[in-house]
Structure formats: C-alpha cells, structure tokens
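**Student:**
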Amino acid sequence: MTTNKIIFTTTKSVLTSLDDVFGKTTMQKSTTDNIGSTIKSDNTTARQENSTNMILALNLDEENINRLLKIENTFEAEALTPITVYLILLMITGVVGNTIVLYIYKFRFKRSTSRIFILSLAAFDLITCLLGMPYHILDMLYPYLFVWDTLCKVLSFALTFTILASIFILDLIAIDRYRKICRPFKKQLSGIGSKIMSWVTVLIAIIAAIPMLLIYGTAEVPTARNPNITGRECYVSDDYIESYFPLIYDSFTFLIFIVSVFILVGFYSKVGVTIWKRRKFNESSHESKRSGSSQSTPNTSIIQLNVITDEAKRGSPMLVHYGKNKEGGNVQIFDSNSLVTAPKDSPLPYRSTTSDPKKERKNRRVMRLMSEPSSTEHDSSTMDHGSSRSHKSSHRHHVTKKEKRTLRITGMLFVITIIFIISFLPYLCIQIVNGLNDEFWDEMSISEIILFNLLMRTYFINSMINPIIYWFLDHKFKEEVIRLFNDMKNCKASTRFGRKSFHS
1 MTTNKIIFTT TKSVLTSLDD VFGKTTMQKS TTDNIGSTIK SDNTTARQEN
51 STNMILALNL DEENINRLLK IENTFEAEAL TPITVYLILL MITGVVGNTI
101 VLYIYKFRFK RSTSRIFILS LAAFDLITCL LGMPYHILDM LYPYLFVWDT
151 LCKVLSFALT FTILASIFIL DLIAIDRYRK ICRPFKKQLS GIGSKIMSWV
201 TVLIAIIAAI PMLLIYGTAE VPTARNPNIT GRECYVSDDY IESYFPLIYD
251 SFTFLIFIVS VFILVGFYSK VGVTIWKRRK FNESSHESKR SGSSQSTPNT
301 SIIQLNVITD EAKRGSPMLV HYGKNKEGGN VQIFDSNSLV TAPKDSPLPY
351 RSTTSDPKKE RKNRRVMRLM SEPSSTEHDS STMDHGSSRS HKSSHRHHVT
401 KKEKRTLRIT GMLFVITIIF IISFLPYLCI QIVNGLNDEF WDEMSISEII
451 LFNLLMRTYF INSMINPIIY WFLDHKFKEE VIRLFNDMKN CKASTRFGRK
501 SFHS
C-alpha cells in the first residue's frame, strides 16, 4: 500500500511538471502571436502611408493611375487658386483698359510719333491679356494634366512675341524722346516712319519668338507629393529637355532684355540731364529779369517754336533766346552744337560761331522764321501797344503749354519704362536661380510654391497698368475717357465714334 501511494505521488508530480511545461509553451505561443500581430499592424500602417507607391509597384491599370493623377492635379490647382484669381483680375482690367486706350488714341488724338508708339504698346498688351494670361491660367488649373501640345506651343509663342515686341517699342520710344529733347535740330522720326518702325519691330519679334514653337510643348513632370506619379505640363518639350538649345535661347532672350535696359537707361539719362539743364537756364533767365538791369543783361524769354523746315514738320522743338544787349537788339538760337546771333532788325545778316555750311543754312532758315515776330515787335509803334503785347503773350503761353505737354509725355513714357523693367526683375531672378539649381522647385513647401509662382508672373502687371498711368499722367486722355463714358451714358457714342480730337 505504501508502494501504491509512492507511485501515485510520483505520477501526480510528473503530471504537474507536464502541465507546467505545456503551460509555458502556450504562453510563448501567445506572446509570439501578439508580436506577429503588432508587426503586421505596423506593416499595414506603412503601406497605407505609401499607398500610391505600393499601387504603382503592383502595376495597377491606367484608370487607377489617372484617378490618382487627378487627385494630385486638384490638390495643386486649389493651392494656386489665389494666383489664378490674381491673373483673372489682371486680365479683365487689361482687356478693358487697353481697349479704351486703342480707341482714344486712335480716334480722339491727332497723329504723332508718341501716339503711334502708345497704340502699338496697347495692341501688344491687349494680345498678352487675351492669350498670355489665359495660357498661364490654364497652366495653373492643369499643372499635371496639360495635354494640349499644339495649344502649348502657340500660346508660348504668342506670349514671347508680345513681350519682345513691347521691349523693342520701348527702345524706339526712348530713342524718339532723346531726339526730340536732346537733338531737336536733327531729322526727327515722322508719323509714317514711326509706323514703319513699329511694323519692323513686329517682324523682328516674330522671328525671335519662332524657336518657342519648337522648344515648348507638353512635357513629363513628377507630382509634388508622389514623385512616382508623373503628369504632363506645358514646358520645354521632352524632345529638347536634355538639349542645350533651350539654355541657348533663354540666354538670347535674357541678353535682349539686358541690352534693352542699357539702351533705355542711357537715352533717358541724357534726356533727364537735358531737361535739368534747360530748367536751370530758364531759372537763371527769370532771375536776370527780376534783377532789373536791362542794360547790362538781356531782357530774355524762352519760347519753343516749330521751325518751318524738314525737321520742324516732324515736330522738332527748338529753344530761342531773344532780347536786348549792349550791342542792340538780337536773336540768339541755342542748339547743342551751335550758337547763332543776329540783329533783330534783319533776319538775313547774322554772325555764326559754327563753320558748318549745313548748319549755317539751317540757321538762316531759322532767322527767316524769326523775321515775322521781330517785325511785329519793331512796328509796334504803329499798333496799339497793349494789343501787340497781348498777342505776343498769348503766343508765348501757347508755346509754353506745348512744351510742358512734350515734357509730360516724356515723363509718362519714362514711368512706363521703369515699371516694365521692375516688373520683369522677379521673373528673371527666379529663372537664373532655377537654372543654377536643378532642385530649386523640389525643395519648396506649398506656401513657398505659391509665393514663387506669384513672383514668376509679376511681369503681367505691365500689360494692364499702362492705361492707369495714362489716366493719372495724361490729362487729355483722362478728359477723353470721361467724355467717352458720358457719351455712352447718354447713348451718344455712335455720333462721336471716329471723331478726332485736336489734342496732340
């Protein structure tokens, strides 16, 4: 019996030990199952975070890829919405403003070189508003789904053409202002000549923009959030993406801009210096008049004439200084290259400081012109003295008013030029940095992308702001615009359409 008890006790111990062993094994299995579940959960999370890449790795069909591409396109288009609205506002303002400019300067103003150049600028700006801005609006609405290759080429060409043409017209304006202010006795650009030069700039701009039809097109572009998904954008075509041709062309257009800036700065600097010297001369003349010493200093006044010569028919102004000095009455004609003095009693005998026969003949023509006002003043004893003085005062007032308008137009065109240069600087700087850093756009956040996309399009301001400048700096334009809207309000537009004003 004792033996049976021992056997029973031993058997129980063995069974207890087996239970312990199997219990530990079960616990280990449970722990292993829990670890496996955790790993599986982590893998699932990772797959969810990178679902797009996993989908592409599994080679899903094109329909699903396009669906993901549309999601990426919508995301970026919504982020660029502020810039899209900004361009729409610029476009509407530019279309309305430039249309008014074209009408006013075409039908309400007399023919002049400045008028023709302003019309050319307005036409190019209107094309930019109708084609260039919608092109960029489409580009932002479809940053990854721009699939219209021909449209991309045509719009890129049109935008480049209008920008280059505007640059060339601004150069012509600077040259024209320089000749009118600084070289009034030289041959001036006529109305027909300004038209011819405008069409020449159109031809040159078209030729210079033709490479855009080859270089640009739809190109493959990776999306910002999922680089493995690629869309299509309007940019340098895939055929030229590895070529040096786009870089060469960009350098060419950049060189055109830089050379034009130097031309504009150079000519307008000379114009500014000439105007400053003229004002100083006028101030000194007025001071001489106030001094009251008429015997020792000339009794002077400055008038501006349209000389009846080939130059004057083209609107060349000149300054004439006339009065009395110790030797008697005289007339002095001031040019940048010559100085002529002649007795006021006779326009033909004169003494010239220049030995150039051409200049002497020109000065003789000037003196013949001066004979009429001189004789008027000489015969004033047979006339009513007050009436004669009133006539000369009225003539002098008319000439001064015309000179002021010439200077005001020059200043207005100078402001347009400055705004043109400033509006292009952000675009050029970003393009330079982008050319030096291939990962320039890849390293940006969404807010930075929005900011730089805005700066890339600041040059569009130039295409809508010119009418605003005309409104504030050209009071004749402002008057005609007000009159136009009053006519439209009173339903009289049809009776005034095509009726030219006598404003220059």
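If you're matching positions, the sequence shown starts at 1 in full-length UniProt numbering and goes up one per residue.
The beta carbon of each residue, even a glycine, is placed where N, CA and C say it ideally should be.
(1) Under 8 Å Cβ to Cβ from Ile450, same chain only, skipping five residues before and after it: list those, please.
(2) Taking only beta-carbon positions, decide if Glu78 is within less than 8 Å of chain B.
(3) With burial defined as no fewer than 16 other Cβ atoms inside 10 Å of the residue's Cβ, what is the status of His475: buried or exposed?
(4) Of all the options Phe485, Ile229, Phe161 and Ala123, which has the alpha carbon lying nearest to the alpha carbon of Asn64?
(5) Evaluate Lys70 with the Cβ neighbour count: other Cβ atoms within 10 Å of its Cβ, from every protein chain shown; 16 or more gives buried, anything less gives exposed.
(6) Confirm the yes/no value for this check: CB of Gly217, any heavy atom of the ligand NAP, distance under 7 Å.
(7) Where does Ala224 fall in DSSP's three states?
(8) Going by DSSP in three states, Val273 sits in which element: helix, strand or coil?
(9) Looking only at C-alpha atoms, which of Phe109, Val273, Thr417 and Ser112 sits nearest to Ile167?
(10) Shortest alpha-carbon distance to Leu145 belongs to which of Ile215, Ile92 and Tyr235?
(11) Would Leu428 and Phe257 qualify as a contact pair, given that the criterion is a beta-carbon distance under 8 Å?
(12) Return helix, strand or coil for Tyr235, following the three-state DSSP convention.
(13) Among the residues of its own chain, which have a CB less than 6 Å from the CB of Arg177, if the five just before and after it don't count?
(14) Would the beta-carbon of Gly94 fall within 8 Å of that of Asp125?
(15) Out of curiosity, what's the CA-to-CA distance linking Pro143 and Val273?
(16) Taking 7 Å as the limit between beta carbons, can you name the residues of its chain near Ala224, skipping five residues before and five after?
(17) Would the beta-carbon of Ser260 fall within 8 Å of that of Asp149?
(18) Please name the residue or residues paired with Thr218 in a DSSP beta bridge.
(19) Give the straight-line distance between the Cα atoms of Ser285 and Glu479, rounded to the nearest whole angstrom.
(20) Would you say Ile461 and Ser423 are within 8 Å of each other, going by their C-beta atoms?
(21) Can you tell me which of the three DSSP states Leu159 falls into?
(22) Could you pull the start and end residues of the alpha helix (DSSP H) that residue 511 belongs to?
(23) Could you tell me how far apart the beta carbons of Met456 and Ile482 are, in whole angstroms, since I believe they sit closer than 8 Å?
(24) Excluding five sequence neighbours on each side, which residues of the same chain lie with their C-beta closer than 7 Å to the C-beta of Phe245?
(25) Please state the DSSP three-state secondary structure of Leu145.
(26) Can you tell me whether Phe414 is buried or exposed, with buried defined as 16 or more other CB within 10 angstroms of its CB?
(27) Indicate whether Asn466 and Val101 have their beta-carbon atoms separated by less than 8 Å.
(28) Please classify Pro184: does DSSP put it in a helix, a strand, or coil?
(29) Considering Cα atoms alone, identify which of Gln188, Leu473, Leu164 and Ala158 is closest to Leu407.
(30) Give me the Cα-Cα distance between Gly86 and Leu130, rounded to the nearest whole angstrom.
(31) Specify, as a first and last residue, the run of the alpha helix (DSSP H) that Ile229 falls within.
(32) Taking the alpha carbon of Ile207 as the reference point, which residue from Ile163, Pro184, Ala219 and Arg183 has its own alpha carbon closest?
(33) Any idea what DSSP makes of Ser194, helix, strand or coil?
(34) Look up Val331 in the DSSP assignment and say whether it is helix, strand or coil.
(35) Would you grab the beta carbon distance between Phe117 and Ile173 for me? Rounded to a whole angstrom, and I think it's under 8 Å.
**Tutor:** Straight from the coordinates:
(1) Ala79, Leu80, Pro82 and Ile83
(2) No chain B is present in this structure, which holds just one protein chain.
(3) exposed
(4) Ile229
(5) exposed
(6) This structure simply doesn't include the ligand NAP, nor any ligand for that matter.
(7) coil
(8) helix
(9) Thr417
(10) Tyr235
(11) yes
(12) strand
(13) Val271 and Thr410
(14) yes
(15) 49 Å
(16) Glu76
(17) no
(18) Cys234
(19) 34 Å
(20) yes
(21) helix
(22) For residue 511 there is no data in the structure shown, the boundaries of the chain being 1 and 504.
(23) Between Ile482 and Met456 the Cβ distance is about 37 Å, and since that is not below 8 Å, they are no contact.
(24) Ile215
(25) strand
(26) buried
(27) yes
(28) coil
(29) Leu473
(30) According to the sequence provided, residue 86 is Tyr. The question's Gly does not apply to it. For Tyr86 and Leu130, the distance between alpha carbons rounds to 15 Å.
(31) Ile229 -> no alpha helix (DSSP H), and no H or E assigned at all.
(32) Ile163
(33) helix
(34) Residue confidence is low: Val331 scores 43 on pLDDT, short of 50, so the model does not pin down where it sits. Its coordinate-derived value is still stated next. Val331: strand per DSSP, three-state reduction.
(35) 5 Å
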